[in-house]
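Data first, discussion second: the structure below is written as structure tokens.
There are 2 protein chains.
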Amino acid sequence: MIKVSVIGSGNVAQHLIKVFLQAPKIELVQAFARQPQASLHLLPKEKITNDYNTLQDADVYIISVSDNAINEVSNQLPFTNKLVVHTSGTTGLDAITDKNRKGVFYPLQTFSKNKVVDFSTIPICLEAENKEDYSLLESLANAISNNVYSISSEQRKSLHVAAVFVSNFVNHLYSIGSEICKENDVPFEILKPLIQEVANKIETLSPKEAQTGPALRNDTKTIEKHLKFLKDSNYYDIYQLLTQSIQNVAKKL
Amino acid sequence: MIKVSVIGSGNVAQHLIKVFLQAPKIELVQAFARQPQASLHLLPKEKITNDYNTLQDADVYIISVSDNAINEVSNQLPFTNKLVVHTSGTTGLDAITDKNRKGVFYPLQTFSKNKVVDFSTIPICLEAENKEDYSLLESLANAISNNVYSISSEQRKSLHVAAVFVSNFVNHLYSIGSEICKENDVPFEILKPLIQEVANKIETLSPKEAQTGPALRNDTKTIEKHLKFLKDSNYYDIYQLLTQSIQNVAKKL
Numbered sequence: 007m008i009k010v011s012v013i014g015s016g017n018v019a020q021h022l023i024k025v026f027l028q029a030p031k032i033e034l035v036q037a038f039a040r041q042p043q044a045s046l047h048l049l050p051k052e053k054i055t056n057d058y059n060t061l062q063d064a065d066v067y068i069i070s071v072s073d074n075a076i077n078e079v080s081n082q083l084p085f086t087n088k089l090v091v092h093t094s095g096t097t098g099l100d101a102i103t104d105k106n107r108k109g110v111f112y113p114l115q116t117f118s119k120n121k122v123v124d125f126s127t128i129p130i131c132l133e134a135e136n137k138e139d140y141s142l143l144e145s146l147a148n149a150i151s152n153n154v155y156s157i158s159s160e161q162r163k164s165l166h167v168a169a170v171f172v173s174n175f176v177n178h179l180y181s182i183g184s185e186i187c188k189e190n191d192v193p194f195e196i197l198k199p200l201i202q203e204v205a206n207k208i209e210t211l212s213p214k215e216a217q218t219g220p221a222l223r224n225d226t227k228t229i230e231k232h233l234k235f236l237k238d239s240n241y242y243d244i245y246q247l248l249t250q251s252i253q254n255v256a257k258k259l
Numbered sequence: 007m008i009k010v011s012v013i014g015s016g017n018v019a020q021h022l023i024k025v026f027l028q029a030p031k032i033e034l035v036q037a038f039a040r041q042p043q044a045s046l047h048l049l050p051k052e053k054i055t056n057d058y059n060t061l062q063d064a065d066v067y068i069i070s071v072s073d074n075a076i077n078e079v080s081n082q083l084p085f086t087n088k089l090v091v092h093t094s095g096t097t098g099l100d101a102i103t104d105k106n107r108k109g110v111f112y113p114l115q116t117f118s119k120n121k122v123v124d125f126s127t128i129p130i131c132l133e134a135e136n137k138e139d140y141s142l143l144e145s146l147a148n149a150i151s152n153n154v155y156s157i158s159s160e161q162r163k164s165l166h167v168a169a170v171f172v173s174n175f176v177n178h179l180y181s182i183g184s185e186i187c188k189e190n191d192v193p194f195e196i197l198k199p200l201i202q203e204v205a206n207k208i209e210t211l212s213p214k215e216a217q218t219g220p221a222l223r224n225d226t227k228t229i230e231k232h233l234k235f236l237k238d239s240n241y242y243d244i245y246q247l248l249t250q251s252i253q254n255v256a257k258k259l
């Protein structure tokens, strides 16, 4: 059994608590929440604390709080030389204070409060300062996911930037598509099979191979029509910049 | 039985030929291909012609060629007062010459040559000049798809612009994500479950509700880190513009 303590009560922390409770090889010793009621729907009262001094012994302490708070929280831990990890995609190992052994346990997924997530498919990116700690994190990650990767802080930084492009920005393009539909009395439903197909395509083709559309074909007539259609200057700028970018990539091929 | 003739041998034409051949209520009378060998893997030789004067009688003639060629092809048809439709998302009814009855049969999907497509889920957007023609197109579309919509030329124009945002541009963001991974020795595989989840999310949430990330949170520290990380000026500009755009939408809410 790997004894785990989760510090935090946000989205990621709550998803981790849920999946740890279900994993046979993991014992969730305790959860720390500044406002214990935030986690009461997940855990019995006696397993939740809001006092760092009552933290019980665990093999690994997972700090799952907002990026800016990681350092402060790790500072407040009353023990030394234990394995303490954070779950952030953008924060280095050094956010954790030197008095403990450091690591990262970063599940790369978008977590919404009201959406159930199948953890077994979520990639978990691990980092530790030594082999033993890495092994322990690996066992912990393997107990809840089939996709476990060793990722350095430098790699993680790049991965987080890439993730912003393929998730936050992609979702924003969905928003723009949905707005254009709304403004023109067209059900956004019509676009959903297309959206799914575009996401599915890259399971078998590289994104470069999968690229289609007027920009790639250099279909200037259609591009001009589209730009003329876009009254919103923001949409216009995005259309123009992404069209240019697709054409720049095509030129390099 | 609805008698159909397909004019063209590109991606969309070939997918249509395949699905019409399988549909019990449809008789594919003939396919026109300038280079008949392009369609020989789909149809017996005697069903393919490259001579407009040998086009046989059909209930509907589907012109599935590049947008710029629709007008010329419709001009060359040797008959009058038949139902002639095109499959383009960006072209008006008027691209078809007046000597025939006009319509649109626009399957809204991204078609790649080497990827099998389940036609039953593809939305088909229809337009015709009168009720009888519309009914015929509707029966034809219902024979191959469960998602049939009546969409005017104006609506279709907006839909095509929206489709560029949610498919071509989205795929380009996948490309950028993949490039960033490659440059930093991170397997792009790690991002694929995230990509799927983002696409799946909008089946249950609106894109606006589904939005997450540093731009929405106005997490300026992370945004600055990311911009500093992006050496490529093109990626930098896209990151900045999309971040601003997400924040503009958030302000309006």
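Protein sequences, first through last, are from chains A and B.
Quick note on numbering: the first sequence equals residues 7 to 259 in my numbering.
Quick note on numbering: the second sequence equals residues 7 to 259 in my numbering.
Cβ coordinates follow ideal geometry from the N, Cα and C atoms, glycine included.
- Within chain A, the C-beta atoms nearer than 7 Å to that of B/L197 come from A168, A169, V172, in chain order.
- Each residue's CA atom was taken as its position, placing A/V255 and A/S156 some 30 Å apart.
- Taking the beta carbon of B/A221 as reference, the chain A residues within 9 Å of it are V170, N174, F175, H178, listed in sequence order.
- Interface annotation, B/N148: not in contact with chain A, CB-CB separation never under 8 Å.
- For A/Y155, the enclosing beta strand (DSSP E) covers residues 153–156.
- Counting only Cβ-Cβ distances below 9 Å, A/D100 has no contacts in chain B at all, with the closest Cβ about 14 Å away.
- Note that the C-beta distance between A/N56 and A/R40 is below 8 Å.
- In this structure A/Q115 is buried. Its beta-carbon is surrounded by 16 or more other beta-carbon atoms within 10 angstroms.
- Here the alpha carbon of A/N148 sits roughly 12 Å from the alpha carbon of A/F111.
- Taking 8 Å as the CB threshold, A/V192 lines the interface with chain B.
- In the DSSP assignment, the residues bridged to A/A37 are A/V12, A/I54.
- For B/H47, there is no enclosing alpha helix (DSSP H), as DSSP gives it neither H nor E.
- Three or more beta-carbon pairs separated by less than 8 Å are not found between the stretch 33–53 of chain B and the stretch 87–104 of chain B, which leaves the two stretches without contact.
- Excluding its 5 nearest sequence neighbours in each direction, B/H166 has C-beta neighbours in its own chain below 8 Å: G95, T96, listed in chain order.
- The continuous stretches of beta strand (DSSP E) do not include B/E209, and DSSP gives it neither H nor E.
- A/P220 carries a helical assignment under DSSP once its states are collapsed to helix, strand and coil.
- By the rule that beta-carbons nearer than 8 Å mark a contact, B/P113 does not touch chain A.
- With the rule of 3 Cβ pairs closer than 8 Å, the stretch 196–204 of chain A does not count as touching the stretch 227–235 of chain B.
- The closest CA to that of B/S126, considering only B/V25, B/L247, B/S239, B/F235, is found on B/V25.
- In the structure shown, A/E203 adopts helical secondary structure according to DSSP, grouped into three states.
- The Cβ atoms of A/P220 and B/V170 lie closer than 8 Å to each other.
- Boundaries of the alpha helix (DSSP H) around A/G183: 176–189.
- Listed along chain B, no residue sits closer than 9 Å to A/G16 by beta-carbon distance, the nearest being about 12 Å off.
- Within chain A, the residues P193, I196 have their CB atoms less than 8 Å from the CB of B/Y155, given in chain order.
- Cβ contact annotation for B/S70 (same chain, cutoff 8 Å, sequence separation greater than five): V12, I13, G14, G16, V18, A19, L22, H92, T93, in chain order.
- The residue among A/M7, A/P213, A/I201 with its C-alpha nearest the C-alpha of B/K188 is A/P213.
- The beta-carbon distance between B/S45 and B/I32, rounded to whole angstroms, is 17 Å. This is too long to meet the 8 Å contact definition.
- Neighbours of B/L48 in chain A, taken as residues at a C-beta separation under 9 Å, are lacking, since the least C-beta distance is about 21 Å.
- In this structure, the straight-line span from the alpha carbon of B/D104 to that of A/N206 is close to 41 Å.
- The Cβ atoms of B/D65 and B/K108 lie no closer than 8 Å to each other.
- Nearest to A/D63 by C-alpha distance, out of A/Q36, A/E52, A/V79, A/E78, is A/Q36.
- Within chain A, T96, K163 have C-beta atoms less than 8 Å from the C-beta of B/K231, given in sequence order.
- When Cβ-Cβ separations below 8 Å define contact, B/K234 makes no contact with chain A.
- If you compare the alpha carbons of B/N190, B/E215, B/N77, B/I76 with that of A/R162, the shortest gap goes to B/N190.
- Around the beta-carbon of B/S239, fewer than 16 other beta-carbon atoms lie within 10 Å, marking it exposed.
- In this model, B/I186 and B/Y241 are separated by some 10 Å (Cα to Cα).
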